[in-house]
Structure formats: C-alpha cells, structure tokens
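S.K.:
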Amino acid sequence: MKLTRFMFPHSHLAFISLAISSPCALAAVVSFGAVAETSLFERNPDANLGGTSLVSGTGRIGDPARGLFRFDVSSLPAGAVITNVVVQLYCIRRPDPDQLPGPAPSDFNLHRLFVNWGEGTGSIASGTRANPGEATWNSRMHGSTPWAAPGALIGTEYATNPSATTPVDQIGLYSWGSSTELIDDVQTWRADPTSNFGFILVSDKENTEGTGRRFSTKEAPDVGTPPQLIITFNMIPEPSVSGLLVLAVGGVSLRRTRRLTC
2 MKLTRFMFPH SHLAFISLAI SSPCALAAVV SFGAVAETSL FERNPDANLG GTSLVSGTGR
62 IGDPARGLFR FDVSSLPAGA VITNVVVQLY CIRRPDPDQL PGPAPSDFNL HRLFVNWGEG
122 TGSIASGTRA NPGEATWNSR MHGSTPWAAP GALIGTEYAT NPSATTPVDQ IGLYSWGSST
182 ELIDDVQTWR ADPTSNFGFI LVSDKENTEG TGRRFSTKEA PDVGTPPQLI ITFNMIPEPS
242 VSGLLVLAVG GVSLRRTRRL TC
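Right, here's the structure in full:
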C-alpha cells in the first residue's frame, strides 16, 4: 500500500490521507489449440499430411518428416505479463518394435518459424499430393513459393536454436518448455501477429531410422490430445484509490511533501 501525505499551512488544523491499493498481480492460465498443422515428407516431396496425425522424425526406411503447427495468441490481454509457456503434443504411434530396425528414441526440437506456409489437407499416412498453396517438403506454398532449401532452411526459415527440446520415445503426452525462448516467441507474436508462423518440429536424429513419431492433431481430437499451447500470465491492475479521508477547516492549499511506501 502506498501512503501519500500532504502538509497544510500551520494556521489550519487539517490532514489528508490518500491510500492507494498495491498492484497485486492476478494469475491466469489459458490453453490454445493449434489453428493450422501439416507434415512434410522427404520421400514424398510434393505431398503433405494435414489430417489424422502430425509426423516428425525418420521412418524405418530412412525417410525424414517434419511437423509444422501454429497457434493464434491474438486474444491474450494487452496487459498480460507472460510467466510460463508450454507446448504439449501427444504421441499416438511409434515404429513397430517387431519390425527392424524398431523404434529409436530421439530429442525433438521445437523451432520458431520465420516464414509463412500453407496448411495441408492430406490424409494418407505418407502424404497426399498437395493442393495449390499448401506446404510440402519442396514448397511452403505448393505451386508458387519453394522453401529456401527442401524441408525449410535452418537459420533462414526457422530459428537455428530450438525454443524448447524434449525426448520422445513411448506413446503418451509430452511437454516442451517452459523456456525463455518460448516466452519470447509468444511475446513477439502478441506484439506483432503478422510474425506468427508457428513452429517446426524436428528430430535431432533425422539420420537414424526409427525415430519417426506420429502425434495427435486437431482433425482427430479423439485420438490422444491435439497440440496445445499453455500460457500462464499475470494481470497487473491499474492502481486504485482504496481510501480517502479529508479533514480540513476552511479553504486551504495543499503542498505534497513526500511519498511513503509500505
């Protein structure tokens, strides 16, 4: 609480006390579902998978895939102070352990994307030929805009350093974050929604067969949990007058002398 005192002329017996409530932070948690998703396949470079599952990592025959997804955070309050950011994905499938080479664990890196891309609509496990404007391994917008390098160019089209990393092996729910980088990503997108192109999910062992994993999507919500962006933030209200007491004799002029904080 802040207490401000005023001094009156000595000929008047008067005192005024203005108490302002302390700016107590109000914590809140909000979860956003993905608004766009797709998967890119090196083996099928003009196709994508936009429904049924999100794929990243390398399959049993050495064919890497990468997953792209984006969240809309424009509804975050302007005064929100972001304190924690977590991305959650649910792994719904891994390579069959009874087939060689079997599943291999790897770290999956979440990198912020710097360029726009089109959501895919493919439904076949290894990808369906893309429609114009959809993302593929060759193009971020099929038929018009290629990637700087197939699969997206690190350092140019997505961040060199990941915003978060987590190991993925078994089927289940996985979390990325919270990290300073993830918080910075969301703060940047809130300040400039036109810069929000989401994330690309890349296995750190794309040269290793069996690291491929399938994750649940918004198109198949009954299978696992669709991608979620979970944000914790504080709302700091404007200071408000909580008490005011005035006792004065006649008309007086006020001169503030000092402010005390308690």
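If you want the working numbering, it's the position in the sequence shown, counting the first as 1, plus 1. The C-beta atom is built at its ideal place from N, Cα and C for all residues, glycine as well.
In three-state DSSP terms, what is W118?
M.R.: Coil, per DSSP.
S.K.: According to DSSP, is V187 helix, strand or coil?
M.R.: Correct three-state label for V187: helix.
S.K.: Under a three-way DSSP split, which group does E38 fall into?
M.R.: Three-state result, E38: strand.
S.K.: Leaving out five residues before and five after G178 in sequence, what residues of the same chain have Cβ atoms less than 7 Å from its Cβ?
M.R.: Within the same chain, G178 has close Cβ partners V86, V87, V88, A165.
S.K.: Hey, quick one: how far does the beta strand (DSSP E) through Q89 stretch, first residue to last?
M.R.: 81-94 is the extent of the beta strand (DSSP E) around Q89.
S.K.: So, using beta-carbon positions, are I184 and I83 closer together than 8 Å?
M.R.: Yes. Within cutoff.
S.K.: Using C-beta distances below 6 Å, list every residue in its chain close to G119, excluding the 5 sequence neighbours before and after it, in chain order.
M.R.: Same-chain partners within the cutoff: G134, E135, A136, M142.
S.K.: Taking all protein chains shown into account, do 16 or more other C-beta atoms lie within 10 angstroms of the C-beta of T59, making it buried, or fewer, making it exposed?
M.R.: So T59 counts as buried.
S.K.: Three or more C-beta pairs under 8 Å: does that hold for the stretch 91-106 against the stretch 30-38?
M.R.: Contact fails: fewer than three Cβ-Cβ distances are below 8 Å.
S.K.: Identify, in the order they occur along the chain, each residue of the same chain with its Cβ nearer than 7 Å to the Cβ of S204, setting aside the five sequence neighbours on each side.
M.R.: Here the set comprises S57, G58, T59, S107, F109, T212.
S.K.: Work out the CA separation of L90 and G225 for me, nearest whole Å.
M.R.: Roughly 9 Å between the two C-alpha positions.
S.K.: Within the same chain, show all residues whose beta-carbon is closer than 6 Å to that of P65, passing over the 5 residues directly before and after it, in chain order.
M.R.: Around P65: E43, T59, E207.
S.K.: Within 10 angstroms of the Cβ of P1, are there 16 or more other Cβ atoms? Answer buried if so, exposed if not.
M.R.: The structure shown does not extend to residue 1, since the chain spans only 2 to 263, so no value can be given for it.
S.K.: What would DSSP say about A66, mapped onto helix, strand or coil?
M.R.: The answer is strand: DSSP assigns A66 an E or B state.
S.K.: Considering Cα atoms alone, identify which of Q229, S196, S124 is closest to E158.
M.R.: Residue S196 is the option with its Cα nearest to E158.
S.K.: Could you give the DSSP three-state label for S196: helix, strand or coil?
M.R.: Reduced to three states, the DSSP call for S196 is helix.
S.K.: On the DSSP bridge assignment, give the partners of H112 in chain order.
M.R.: DSSP, once it has assigned bridges, lists I201 as partnering H112.
S.K.: For S54, count neighbouring C-beta atoms within 10 Å of its own C-beta (all shown protein chains included) and say buried if the count is 16 or more, exposed if not.
M.R.: The residue is buried, with at least 16 neighbouring Cβ atoms inside 10 Å.
S.K.: Could you give the distance in angstroms between the alpha-carbon of A79 and the alpha-carbon of F72?
M.R.: Going by the C-alpha atoms only, they are around 17 Å apart.
S.K.: Check for me: the beta strand (DSSP E) holding I49 runs from which residue to which?
M.R.: What sits at residue 49 in the sequence shown is Asn, not Ile. N49 -> beta strand (DSSP E) spans 48-50.
S.K.: Taking the Cβ atom as the reference point for each residue, do F200 and F70 lie within a distance shorter than 8 Å?
M.R.: In this structure, F70 lies closer than 8 Å to F200 by Cβ.
S.K.: For a test of the three-state rule: what should DSSP assign to T181, helix, strand or coil?
M.R.: Reduced to three states, the DSSP call for T181 is helix.
S.K.: Looking only at its chain, what residues have a beta carbon closer than 7 Å to the beta carbon of G63, apart from the 5 residues adjacent to it on each side?
M.R.: Once the five neighbours on either side are set aside, the close Cβ partners of G63 are E210.
S.K.: Classify L114 as buried or exposed, calling it buried when 16 or more other Cβ atoms lie within 10 Å of its own Cβ.
M.R.: With 16 or more Cβ atoms within 10 Å of its Cβ, L114 is classed as buried.
S.K.: Shortest alpha-carbon distance to T146 belongs to which of V30, A126, V116, D170?
M.R.: Nearest option by C-alpha distance: V116.
S.K.: Could one say the Cβ of H143 lies closer than 8 Å to chain D's Cβ atoms, at least one of them?
M.R.: Looking for chain D here will not work: only one protein chain is present.
S.K.: Going straight from the alpha carbon of D170 to that of R95, what length do you get?
M.R.: If you take the alpha carbons of D170 and R95, they lie about 8 Å apart.
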